[in-house]
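*Asks:* First the structure, which I've put down as structure tokens, then a few questions once you've had a look.
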Amino acid sequence: MSHLLELRDRLLRSIVGMLALTILLLPFANDIYRLLAEPLLLSLPVGGQMIATEVTTPFFIPMKAVLLVAFLLSSPYTIYQLWAFVAPGLHDSERRLLIPLVLSSVLLLFCGIAFAYFLVFPVVFGFISSTTPEGVAMMTDIGRYLDFALTLFIAFGLAFETPVVVVLLVRLGVVSVNALREARAYVIVGAFVLGAIVTPPDIMSQFLLAIPMWILYEIGIMVAGLIEQRNQAFSKTPQSENHR
């Protein structure tokens with residue numbers, strides 16, 4: 119019961135932290151949404167604009183954007199609370215494994231979102247704007263745009279977690295480094311298939327998702343290989359033999 123009470127307290131602290139950050143950001147809701155929509159606004163033709171097709175959309179959509187930003191900014195605090203709950207029950211070796219994995223996963227998540235915002239969005243919206251038929255006014259609903267942006271943020275954020283997944287699978291003994299190397303061709307094909315499914319239909323967007331996934335997969339194999347070599351070297355040391 120004491121563990122459940124502590125878990126409840128940790129979760130409540132995480133929720134309170136996110137709500138506090140949301141309240142602080144609410145006065146800037148419209149500015150946050152405009153910043154989020156800036157890649158599309160810059161790609162619109164002269165005189166183009168975004169629209170709201172429902173009565174309550176201009177109020178609720180910026181609030182959803184605030185919640186998204188507050189969730190991302192408060193995620194390190196939330197992860198800290200979860201770590202504080204789990205850490206006392208872990209061995210030193212488990213802590214040494216999880217601390218860099220957790221930190222790198224948070225960093226890679228933000229890198230994936232930044233990659234989508236600064237590089238992918240301009241390419242996607244530039245392509246869409248350039249292919250709009252003559253005489254058709256390109257006016258995107260603000261709610262549909264937020265859903266589209268959130269989908270790409272999730273896709274690229276998860277794609278950038280590839281090294282963490284690879285290292286964790288090797289460390290847990292699920293697969294070996296050699297097996298990952300042999301599966302390289304299948305992973306590359308899968309990355310391009312995933313890029314074709316998740317991203318818009320232009321070929322550039324598919325490459326912008328597939329190629330980073332491939333590179334990150336290779337980085338994960340390299341890191342996992344180094345960890346595997348270190349573990350093998352440690353197992354051959356006199357200390358490990360004496361311990362056995």
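Just so you know, the working numbering puts 125 at position 7 of the sequence shown, and the rest follows in order with no gaps. Just so you know, even glycine gets a beta-carbon here, dropped at the ideal spot from N, CA and C. Predicted model, so just to flag it, every value in this text is computed and none were measured.
How do the stretch 210 to 219 and the stretch 291 to 298 stand: do at least 3 beta-carbon pairs fall below 8 Å, yes or no?
*Replies:* Too few Cβ pairs lie closer than 8 Å, so no.
*Asks:* For the alpha helix (DSSP H) containing E212, name the first residue and the last one.
*Replies:* Segment 210 to 233, the alpha helix (DSSP H) holding E212.
*Asks:* Given this structure, state the Cα-to-Cα distance separating A188 from I329, to the nearest angstrom.
*Replies:* If you take the alpha carbons of A188 and I329, they lie about 30 Å apart.
*Asks:* Could you say which of L130, P218, G313, P281 lies nearest to T196 if we only look at CA atoms?
*Replies:* Looking at the Cα atoms, L130 is the closest of the given residues.
*Asks:* Secondary structure at D259, three-state DSSP: helix, strand or coil?
*Replies:* D259 falls in the strand class under three-state DSSP.
*Asks:* Between which two residues does the alpha helix (DSSP H) carrying G244 extend?
*Replies:* Counting along the chain, the alpha helix (DSSP H) containing G244 begins and ends at 239 to 248.
*Asks:* State the start and end residues of the unbroken alpha helix (DSSP H) segment that holds I306.
*Replies:* Where I306 is concerned, the enclosing alpha helix (DSSP H) stretches over 302 to 316.
*Asks:* The alpha helix (DSSP H) that contains G135, what's its start and end?
*Replies:* Per DSSP, G135 belongs to the alpha helix (DSSP H) from 120 to 143.
*Asks:* Label Q199 either buried or exposed according to how many other C-beta atoms from any shown protein chain fall within 10 Å of its C-beta, with 16 as the threshold for buried.
*Replies:* Flag for Q199 reads buried.
*Asks:* Is the distance from the Cβ of E279 to the Cβ of R302 below 9 Å?
*Replies:* No, Cβ-Cβ distance for E279 and R302 is not below 9 Å.
*Asks:* DSSP three-state call for S358: helix, strand or coil?
*Replies:* Because the pLDDT of S358 is 48, which lies under 50, any placement of that residue in the model is unreliable, and the number read from its coordinates should be weighed accordingly. Helix, per DSSP.
*Asks:* Which partner residues of I345 appear in the DSSP bridge assignment?
*Replies:* Note: I345 sits in no beta bridge, so no partner.
*Asks:* Can you check whether the CB of S222 is closer than 9 Å to the CB of P281?
*Replies:* Cβ distance < 9 Å, so P281 and S222 count as in contact.
*Asks:* Determine the contact status of L160 and P251, defining contact as a CB-CB distance below 9 Å.
*Replies:* Not a contact, by the Cβ cut-off of 9 Å.
*Asks:* Which value, in whole angstroms, describes the spacing of the CA atoms of V341 and E300?
*Replies:* In a straight line, the C-alpha of V341 is about 16 Å away from that of E300.
*Asks:* Does the beta-carbon distance from L154 to A277 come in below 9 Å?
*Replies:* No. Outside cutoff.
*Asks:* Considering only residues of the same chain and omitting the five flanking positions on each side of T175, which have a CB-CB separation below 8 Å?
*Replies:* Hits under 8 Å: D259, I260, G261.
*Asks:* Thinking C-beta only, is S247 closer than 9 Å to N162?
*Replies:* First, the amino acid is wrong: residue 162 is Leu here, not Asn. Yes; because the gap between Cβ atoms is below 9 Å, this pair is in contact.
*Asks:* Counting only the same chain and skipping the five closest in sequence on each side, list residues whose C-beta sits under 6 Å from that of A273.
*Replies:* V316.
*Asks:* Suppose the cutoff is 8 Å on Cβ atoms and the five residues either side in sequence are ignored; what does the same chain contact list for M257 look like?
*Replies:* Closer than 8 Å at the Cβ level, and outside the excluded window around M257, lie G166, Q167, M168, I169.
*Asks:* Checking the sheet assignment: what are the DSSP bridge partners for I169?
*Replies:* I169 pairs with D259.
*Asks:* Which residue marks the beginning of the alpha helix (DSSP H) containing A363, and which one marks its end?
*Replies:* The question about residue 363 has no answer, for the chain in this structure spans 119 to 362.
*Asks:* Please report the straight-line C-alpha distance between L365 and V184, rounded to a whole angstrom.
*Replies:* This structure cannot settle anything about residue 365, because the visible part of the chain is limited to 119 through 362.
*Asks:* Compare the Cα-Cα distances from A309 to each of T269, I333, L139, A297 and report the closest residue.
*Replies:* The candidate whose alpha carbon is nearest that of A309 is I333.
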